[in-house]
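> Residue numbering for the sequence shown is 224 to 524, as defined by our numbering.
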Amino acid sequence: MTEMKVSLGRLPLRSPLIAAAGTVGSVYDFADVDALSEYGAAVAKSVSHEPWPGRPPPRLAPAGGGMLNGIGIQNPGIDAWRSSMPDLSSLPVPVWGSAVGTSAAEYALVAKGLTASGVVAIEVNLSCPNLEEGTMFALDPAAAGRVITAVRDSTDLPVGAKLSPNSEDIVAVARAATEAGADFLVLTNTAWGLGIDLDTRKPTLSGMVGGYSGKPIKPLALRCVWEVAAALDVPIVGCGGISTGEDVIEYFLAGASAVAVGTAHFAEPRVGKRILRQVDAWCRSNRVRELAELTGGAHSE
Ligand SMILES: Cc1cc2nc3c(=O)[nH]c(=O)nc-3n(C[C@H](O)[C@H](O)[C@H](O)COP(=O)(O)O)c2cc1C
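(1) Do G336 and R305 come within 8 angstroms of each other at the CB atom, strictly closer than that value?
(2) Using a Cβ cut-off of 8 angstroms (strictly closer), state whether R237 contacts chain C.
(3) Under 8 angstroms Cβ to Cβ from V318, same chain only, skipping five residues before and after it: list those, please.
(4) Can you find the residues in the same chain that come closer than 6 angstroms, C-beta to C-beta, to G245, ignoring five residues on each side of it along the sequence?
(5) Expressed to the nearest angstrom, what Euclidean distance is found between the alpha-carbon atoms of S523 and L410?
(6) Hey, would you say A405 sits closer than 8 angstroms to V382, going by beta carbons?
(7) So who's on the other strand from C462, going by DSSP bridges?
(8) Might you give, ordered along the chain, the residues of its own chain that have their beta carbon closer than 8 angstroms to the beta carbon of P299, omitting 5 neighbours on each side?
(9) For T518, which residues in the same chain have their Cβ closer than 7 angstroms to its Cβ, ignoring the five residues on either side in sequence?
(10) Check for me: the beta strand (DSSP E) holding Y435 runs from which residue to which?
(11) Kindly confirm or deny that the region 489 to 500 and the region 439 to 457 touch, where touching means at least three C-beta pairs closer than 8 angstroms.
(12) Please go through the same chain and pick out, in chain order, the residues whose beta-carbon is closer than 8 angstroms to the beta-carbon of S429, but skip the five residues on each side of it.
(13) Rounded to whole angstroms, what's the CA-CA distance from E356 to T401? Just pull it up for me.
(14) Can N286 and G418 be called in contact, C-beta distance under 8 angstroms?
(15) State yes or no: is the C-beta of T358 nearer than 7 angstroms to some heavy atom of ligand 1?
(16) With distances taken between CB atoms, is the gap from V347 to V316 smaller than 8 angstroms?
(17) When the Cα of I345 is compared with those of S313, A452, N353, Y330, which residue comes out closest?
(18) Could you tell me if S390 is buried or exposed, where buried requires 16 or more neighbouring beta carbons within 10 angstroms of its beta carbon?
(19) Tell me which residues share the same chain as V432 and place their Cβ nearer than 6 angstroms to its Cβ, disregarding the 5 neighbours each side in the sequence.
(20) Which complete beta strand (DSSP E) runs does the region 333 to 358 hold, if anything under 3 residues is left out?
(21) For L546, does the count of other Cβ atoms within 10 angstroms reach 16, so buried, or fall short, so exposed?
(22) For ligand 1, any of its heavy atoms closer than 7 angstroms to the Cβ of A244?
(23) A477 by DSSP, collapsed to three states: which one?
(24) Sorry if obvious, but does the Cβ on C462 come closer than 7 angstroms to a heavy atom of ligand 1?
(25) Three or more beta-carbon pairs under 8 angstroms between the region 228 to 235 and the region 463 to 472, yes or no?
(26) For F360, collect the residues of the same chain with a Cβ closer than 7 angstroms to its Cβ; drop the 5 residues on either side in sequence, then sort them by chain order.
(27) Given a cut-off of 8 angstroms on the beta-carbon distance, is the pair L499 and M227 in contact?
(28) On the DSSP letters alone, give me the boundaries of the beta strand (DSSP E) that L455 sits inside.
(29) According to DSSP, is K588 part of a helix, a strand, or is it coil?
(30) What I want to know is whether the C-beta of S307 ends up closer than 7 angstroms to one or more non-hydrogen atoms of ligand 1.
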């Protein structure tokens, strides 16, 4: 068996696969599916300081071989979230919390609550509107840096910054997040997309533009991993369109040290088992003893 243990700086992972935020519910409600033991971590749905109601239906729509979602990050707020969660150490996988907010101060409050709940790391979902400046945090290096500084100051846990493929300059945002103290980066969240329903002649989602995910976004996220890995020395979690072992290998060669699987869970909840088998088979037939040795391999001359 190939050595699958990897690490994101000071954060060790027993497996290179992470279950992406929002695609395995609140993690505990997915535990019965019997798939989480294959993962190095599972990320809970993003949570804010106050409850967010989310958008009305329709919030999900198939589109061009992938999926559009416009859920609006519905969540009960950090206090209710904490009381709804079981003892996290009883779950078959280490759990990461995912923080959202509309200001740096709100992100910091959520990070404090998540830390107290027993998560092992905090992913900062920067794909949120910045109410103070109007644009999404992930699109603005300075705003992204301010959020990561605030989260960094509120927790001793490893902090990951989750960026957007829609950034005009992904390296600038990645650099700002890293300089502000992010231990690792997650590249990437969904890409903006739109579908039109020919019966209603209206957008398929109530929020019109939504987050596009699944197989078709792999080249977009892979390009982000490639560019950031070439420019910065920071551990990267590749995320976007992963559904096979070969996808995982591509992300590692582009510069990832771990990967997150999202939309593939909707069609195949136990997809992680199959992907790990495929990674192992590829590594064996290519005489790779440790998966980690592939990281960044496509950059070398
Ligand atoms: C239904 C759905 C809900 C999601 N919810 C969240 C979320 O709460 N927080 C977050 O950071 N990302 C969320 N995402 C984005 C995924 O975690 C992932 O970054 C993205 O879908 C790209 O990976 P994929 O192509 O493997 O799905 C969500 C994605 C989907 C499809």
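We put the CB at the ideal spot given by N, CA and C, even for glycine.
Looking at the atomic coordinates:
(1) yes
(2) In the structure shown, chain C does not exist; there is a single protein chain.
(3) V250, A264, A265, V266, A267, L311, G341, V342, V343
(4) K268
(5) 21 angstroms
(6) yes
(7) A483
(8) V270, P274, S307
(9) F475, G478, A479, S480
(10) 433 to 436
(11) no
(12) R278, P279, P280, P281, R282, G293
(13) 21 angstroms
(14) The sequence given here has Ala at residue 286, not Asn. Cβ atoms of A286 and G418: closer than 8 angstroms.
(15) no
(16) no
(17) Y330
(18) buried
(19) W415, L417
(20) 344 to 348
(21) The question about residue 546 has no answer, for the chain in this structure spans 224 to 524.
(22) yes
(23) helix
(24) yes
(25) no
(26) L349, C351, N353, A366, A367, V370
(27) yes
(28) Here L455 belongs to no beta strand (DSSP E), and DSSP marks it neither H nor E.
(29) As displayed, the chain neither begins before 224 nor continues past 524, which places residue 588 out of reach and without an answer.
(30) no
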